[in-house]
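Enquirer: Here it is, the structure, as structure tokens.
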Amino acid sequence: MAIHYAMSRSAFLDVKWAALHTVRESFSLEQHYNPYFELIAVTEGPVHLQAEEEKVVLHAGDTFLLRPWERHKGWNPAAQGGEFYWVQFAATPEPRPFDFAKDRLPVGLEAPHGPSDLRTVPAYRDETMIVPRRFRSSGRFHLLGLFEQLVREMDEAKGYYRYRSSLLLGTMLERLASDLLGHVRQETTLPASYVTYRSLVSLLDNQYPSSLTRETLEAQLDRKYEYLCGVFKKYAGMTIGAYVRHLRVQRAQYLLQATEDSVQSIAAEVGIADPFTFSKLFKKLVGRSPADYRNEIRNKPRCPDEG
DNA sequence: AATGGGTCGAAGCTTAGATT
DNA sequence: AATCTAAGCTTCGACCCATT
């Protein structure tokens with residue numbers, strides 16, 4: 000039963016300290032604890048580490064993540080000479096425990112589908128990565144190299160060293176999470192209908208302005224149109240028509256902003272012949288008419304925030 | 001002249017349930 | 001689980017007119 004932590008990919012990381020530690024007798028005698036997360040990577044094993052009641056033996060390349068305030072020490076006084084890197088850090092928002100059995104897999108970790116596959120849907124604000132508590136990374140030498148750099152940064156402590164340290168830590172955590180993802184993916188087999196879905200999305204993305212009729216789709220994908228609707232809805236969470244409409248409006252938004260084309264010609268370009276119909280659709284999705292939208296964008300060079 | 005808005009029916013789309 | 005069928009729902013765009 001492995002323990003994992005879910006942490007936001009956009010979490011703010013703050014490295015408190017990093018160092019290389021050589022295991023001596025005192026390591027087994029003293030309890031250590033601190034208010035931060037602490038990531039340990041063993042350079043030379045074995046290291047006998049006890050975290051609260053949990054006793055582990057870590058070998059070269061193994062990593063271990065301690066929770067804030069978690070008491071830890073060595074548990075085998077006879078074993079000396081091991082070495083490990085450690086880095087203490089705070090993360091905002093804080094990583095939380097993650098249970099593969101109970102918690103829903105975050106986007107990107109499950110079979111790689113979902114709304115973020117769709118162009119018009121913004122990427123998830125809180126993309127999560129799963130960091131294992133105890134792990135042996137396939138790129139452990141790379142990881143140890145990063146640790147080495149991190150410790151050097153802390154030792155020299157020049158310029159933007161805290162910023163650079165945070166970046167290094169971020170890379171390390173991402174590395175662990177990616178490796179874990181690789182392991183999980185191998186165990187996951189993709190549903191057959193998912194392949195159909197991907198081809199469908201690709202087709203829609205590339206051909207939405209032209210006349211995408213049900214016959215075209217049926218011919219290109221060799222499936223009944225009604226079935227494609229079902230598959231698309233299942234994976235994307237929205238209907239084909241809705242998606243194409245979003246694509247058209249998004250393209251139109253860009254054209255309104257970047258060109259001086261008339262609403263009529265923009266309507267034609269995104270595949271809606273009737274400008275009246277286009278205008279209505281645009282207002283429905285954006286909340287403003289095309290002309291209003293263009294004026295607003297021109298007057299306020301800020302990013303639009305409508306959904 | 002260009003654009004925004006309302007109504008309505010045919011065409012197109014979606015979904016529940018059947019079928020393989 | 002993947003696919004199809006049939007029924008019912010939704011939308012597009014033609015036709016109006018109003019506003020700038």
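In this text, residue positions in the first sequence follow numbering that gives the first Met the number 0: the first is 0, and each later residue adds one. The beta carbon of each residue, even a glycine, is placed where N, CA and C say it ideally should be.
For S27 and D178, I'd like the C-alpha separation in whole angstroms.
Expert: To locate residue 27, count along the first sequence from 1; it is residue 28. To locate residue 178, count along the first sequence from 1; it is residue 179. For S27 and D178, the distance between alpha carbons rounds to 31 Å.
Enquirer: From what residue to what residue does the alpha helix (DSSP H) around I239 run?
Expert: Position 240 of the first sequence holds residue 239. Where I239 is concerned, the enclosing alpha helix (DSSP H) stretches over I239 to A257.
Enquirer: Taking buried to mean at least 16 other C-beta atoms within 10 Å of its own C-beta, is R244 buried or exposed?
Expert: Here residue 244 is taken as the residue at index 245 of the first sequence, counted from 1. By the neighbour-count rule (16 or more Cβ atoms within 10 Å), R244 is buried.
Enquirer: When you compare each of E259, R135, F281 and H182 to Y56 by their alpha carbons, which one comes out closest?
Expert: As a first step, residue 56 must be located in the first sequence, where it is residue number 57. Looking at the sequence itself, residue 56 is Val, so the reference to Tyr does not match. Looking at the Cα atoms, R135 is the closest of the given residues.
Enquirer: If I follow the unbroken beta strand (DSSP E) through Q87, where does it start and stop?
Expert: By 1-based counting over the first sequence, the position of residue 87 is 88. Segment E82 to T91, the beta strand (DSSP E) holding Q87.
Enquirer: Quick check: E43 and G81, are their CB atoms within less than 9 Å of each other?
Expert: Numbered from its first residue, the first sequence carries residue 43 at position 44. Numbered from its first residue, the first sequence carries residue 81 at position 82. Contact flag set, yes.
Enquirer: How big is the Cα-Cα spacing for L205 and S192?
Expert: The residue given as residue 205 occupies position 206 in the first sequence. The residue given as residue 192 occupies position 193 in the first sequence. For the sequence presented, residue 205 should be read as Asn rather than Leu. Taking the straight line joining both Cα atoms gives about 20 Å.
Enquirer: Using a 10 Å radius around the Cβ and a threshold of 16 neighbouring Cβ atoms, would you call Y196 buried or exposed?
Expert: Numbered from its first residue, the first sequence carries residue 196 at position 197. Answer is buried; the Cβ neighbour count reaches 16.
Enquirer: Helix, strand or coil: how does DSSP classify I271 here?
Expert: Here residue 271 corresponds to residue number 272 of the first sequence, with the count starting at 1. Three-state DSSP puts I271 in coil, outside helix and strand.
Enquirer: If the criterion is Cβ atoms closer than 9 Å, does the pair L64 and R133 meet it?
Expert: Position 65 of the first sequence holds residue 64. Position 134 of the first sequence holds residue 133. Result yes, Cβ atoms of L64 and R133 sit closer than 9 Å.
Enquirer: With a threshold of 16 other CB atoms inside 10 Å of the CB of L108, please say whether the residue is buried or exposed.
Expert: For the purposes of this step, residue 108 is taken as the residue at position 109 of the first sequence. Caution is warranted here: a pLDDT of 49 is assigned to L108, below 50, making its placement in the model unreliable, and no coordinate value can be reported.
Enquirer: With C-beta atoms as the reference, is V269 less than 9 Å away from L246?
Expert: For the purposes of this step, residue 269 is taken as residue 270 along the first sequence, with counting starting at 1. For the purposes of this step, residue 246 is taken as residue 247 along the first sequence, with counting starting at 1. It is a contact, given that the beta carbons lie within the stated cut-off.
Enquirer: Between the beta-carbon of Q87 and the beta-carbon of K15, is there less than 9 Å?
Expert: Here the question's residue 87 lines up with position 88 in the first sequence. Here the question's residue 15 lines up with position 16 in the first sequence. Yes, they are a contact pair.
Enquirer: According to DSSP, what are the bridge partners of A156?
Expert: Counting from 1 along the first sequence, the entry for residue 156 is found at position 157. Bridge partners of A156: none, in fact.
Enquirer: Three or more beta-carbon pairs under 8 Å between the segment 269-288 and the segment 250-257, yes or no?
Expert: Yes: at least three Cβ pairs fall under 8 Å.
Enquirer: Could you tell me whether the Cβ atoms of Y35 and A89 are closer together than 9 Å?
Expert: Translated into the one-based positions of the first sequence, residue 35 becomes position 36. Translated into the one-based positions of the first sequence, residue 89 becomes position 90. In this structure, A89 lies closer than 9 Å to Y35 by Cβ.
Enquirer: To which residues of the same chain is P76 closer than 8 Å at the C-beta, ignoring the five residues directly before and after it?
Expert: Taking the first residue of the first sequence as 1, we reach residue 76 at position 77. Correct list, in chain order: E24, S27 and L28.
Enquirer: What's the C-alpha gap between P67 and E51?
Expert: Walking along the first sequence from the start, residue 67 turns up at place 68. Walking along the first sequence from the start, residue 51 turns up at place 52. Their Cα atoms are separated by approximately 12 Å.
Enquirer: If we count the other Cβ atoms within 10 Å of its Cβ and call it buried at 16 or more, is D304 buried or exposed?
Expert: Counting from one through the first sequence, the residue named residue 304 turns up at place 305. The predicted position of D304 is uncertain, since its pLDDT is 43 and thus under 50; no value can be drawn from it.
Enquirer: Could you check whether V46 and L83 sit closer than 9 Å to each other, using their CB atoms as the reference points?
Expert: Along the first sequence, read from residue 1 onward, the residue named residue 83 stands at position 84. Along the first sequence, read from residue 1 onward, the residue named residue 46 stands at position 47. Note that residue 83 corresponds to Phe in the displayed sequence, not to Leu. Yes, these two residues count as a Cβ contact at 9 Å.
Enquirer: Name the residue from H58, G229, G73 and T170 whose alpha carbon lies nearest to the alpha carbon of V22.
Expert: Residue 22 sits at position 23 when you count from the first residue of the first sequence. Minimum Cα distance to V22 is reached at G73.
Enquirer: Nearest to L255 by CA position, among A17, T238, D98 and E295, is which residue?
Expert: As a working note, residue 255 is residue 256 in the first sequence. The shortest C-alpha separation from L255 is found at E295.
Enquirer: Locate the alpha helix (DSSP H) running through A40, then write down its first and last residues.
Expert: If you number the first sequence from 1, residue 40 lands on position 41. A40 -> not in any alpha helix (DSSP H); beta strand (DSSP E) instead, spanning F36 to E43.
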